[in-house]
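Residue numbers (our numbering): 121 to 466.
The beta carbon of each residue, even a glycine, is placed where N, CA and C say it ideally should be.
From a predicted model like this one, the values you see are computed outputs, not experimental measurements.
Only one structure is covered here, and it is reproduced in the block below.
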Amino acid sequence: MTTVAAYAAPAAKAPLERTTVDRRAVGENDVLIDIAFVGICHSDIHQVREGWGKAIFPMVPGHEIAGVVAETGSGVTKYAVGDRVGIGCMVDSCRVCVNCRAGLEQYCTDGPVWTYSAVGKDGLPTYGGYSQKVVVDENYVVRVPEALPLDAAAPLLCAGITTYSPLRHWNAGPGTSVAVVGLGGLGHMGVKIAHALGAEVTVLSQSLRKKDDGMRLGADRYHATSDPATFTDLAGSLDLILNTVSAPLDFGAYFSLLRTDGAMVNLGLPEETVAIELQSLFGNRRSMSSSGIGGIAETQEMLDFCAEHGVAAEIELIRADQINEAYERVLASDVRYRFVIDTATI
Ligand code: NAP
Ligand code: ZN
Ligand code: ZN
121 MTTVAAYAAP AAKAPLERTT VDRRAVGEND VLIDIAFVGI CHSDIHQVRE GWGKAIFPMV
181 PGHEIAGVVA ETGSGVTKYA VGDRVGIGCM VDSCRVCVNC RAGLEQYCTD GPVWTYSAVG
241 KDGLPTYGGY SQKVVVDENY VVRVPEALPL DAAAPLLCAG ITTYSPLRHW NAGPGTSVAV
301 VGLGGLGHMG VKIAHALGAE VTVLSQSLRK KDDGMRLGAD RYHATSDPAT FTDLAGSLDL
361 ILNTVSAPLD FGAYFSLLRT DGAMVNLGLP EETVAIELQS LFGNRRSMSS SGIGGIAETQ
421 EMLDFCAEHG VAAEIELIRA DQINEAYERV LASDVRYRFV IDTATI
């Protein structure tokens, strides 16, 4: 066992503070990773605040982890000391269910072991990436290509794969019109990846204040959802809408923007129950769906795609003692576009 420095919330809604956590001894199939950078995902904030229900405390959040392999177990075949690697939202799953065998470990029928606020197969709580080291089974580790800087790659481990997976599943590409609602951590990756896939990209943001950034990131059109004209101008024009908003929306208004057979895919996970106006879905055989992160193989595919297309996150690098302030800024939609913690400052 190794004791490592970490930042944790001692109780629900409490500010995060410096502490230590124990990491298990490196097992036969494990790698020990020196964490270099970790992104702050809005999901970290939902969970620290117990917005999704009961959580496990103390909580060390962080599931956008990038680092370097420091030690390998005797049975490890995929990674060697010095390799640049990443960990996303899960660190284990049953491996034998229909979804695990299909490379959809995120939908493991037993439930995957989440990177934090979960219980591992050893019966101990999992602690996430706001820490200096982590021990993970090599099958839940991905390789970060040399072309991607580790700090800007960290957010790809959640925000990147969460947008890449539905864009691929719903066939975004040349000739398709994709809108991304919310230009935050997920949203800005959605814009970059949809653009790299060749789709026509529209940003739907609360205001036009980030318009220049949105166009630079790859958008073809940028509209404010506070302007009612947006909903008449774009009516019936979109094939796919990725909703990355962390709060409830007027879903009916967004459904009306879809073409016949268009789909709205919800990635945002608001804490509140939402009401849905079914009339505007029914009109044009539109569908509403959701998508959760992506499997391990698809996460590797996404990293390779990003390296090939020069895509990475736009980040604001912070010290660990700025985490609580960064949370407030994320809640105020004041993030351009992902906070990443330099773990050397923990
Ligand atoms: P984020 O960086 O805070 O981005 C969310 C964006 O939504 C904001 O930047 C803002 O964009 C917009 N927004 C915020 N509040 C709004 C409101 N009340 N009305 C309208 N728009 C609003 O968050 P994130 O890290 O991208 O995560 C977004 C959501 O996805 C969270 O709920 C998170 O838990 C969830 N998530 C889901 C998955 C999954 O697997 N499905 C994975 C990761 C995260 P504008 O300023 O441009 O309007
Ligand atoms: Zn996340
Ligand atoms: Zn499974």
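GLY372: member of the alpha helix (DSSP H) spanning 371 to 375, first to last residue. The residues ALA427, in chain order, have a CB closer than 7 Å to that of ALA267 in the same chain once the five nearest residues on each side in sequence are set aside. Ligand 1 has no heavy atom closer than 6 Å to the beta-carbon of SER213. Its chain contains MET309, MET422 as the residues whose beta carbon lies nearer than 6 Å to that of GLY280, once the 5 sequence neighbours on both sides are disregarded; these appear in chain order. Taking C-beta atoms under 8 Å as the contact rule, ALA319 and GLY293 qualify, at a distance of about 6 Å.
Assignment of beta-bridge partners to TYR342 by DSSP yields VAL323. The closest heavy atom of ligand 1 lies less than 6 Å from the beta carbon of CYS278. Scanning PRO286, GLY302, SER237, VAL460 for the CA closest to the CA of GLY414 turns up PRO286. The segment 139 to 221 contains, as complete beta strand (DSSP E) runs of 3+ residues, the segments 150 to 159, 185 to 192, 204 to 207, 210 to 212 (chain order). DSSP places ASN291 in the coil class of the three-state scheme, outside both helix and strand. Boundaries cannot be given for VAL261, as no alpha helix (DSSP H) includes it and DSSP labels it neither H nor E.
Measuring C-alpha to C-alpha distances from GLU392 to each of ASP142, VAL180, HIS166 identifies HIS166 as the nearest. Counting C-beta pairs with one atom in each stretch, the segment 267 to 277 and the segment 343 to 350 have fewer than three that are closer than 8 Å, which means they do not touch. As the crow flies, the alpha-carbon of VAL460 is around 43 Å from that of GLY403. Between VAL300 and GLY338 the beta-carbon gap is near 10 Å, outside 8 Å, which marks them as no contact. When only Cα atoms are considered, ALA129 and SER237 end up about 11 Å apart. Contact annotation: GLY305 and TYR457 have beta-carbon atoms nearer than 7 Å. DSSP, reduced to helix, strand and coil, places VAL311 within a helical segment of the structure shown. Between the segment 211 to 228 and the segment 193 to 202, the count of C-beta pairs closer than 8 Å stays below three; the two stretches do not touch. A direct Cα-Cα distance of roughly 13 Å separates HIS429 from TYR284. Contact check for ILE466 and ARG138: beta-carbon distance about 7 Å, within the 8 Å limit, so the pair qualifies. The count of Cβ pairs closer than 8 Å, one atom from the segment 145 to 159 and one from the segment 219 to 228, stays below three, leaving the stretches out of contact. Counted as a single uninterrupted DSSP element, the alpha helix (DSSP H) harbouring ARG336 occupies residues 331 to 337. Short of 7 Å from the beta carbon of PRO265, and not among the five residues preceding or following it, lie these beta carbons of its own chain, in chain order: LEU423, ASP424, ALA427. Where MET408 is concerned, the enclosing beta strand (DSSP E) starts and stops at 407 to 410.
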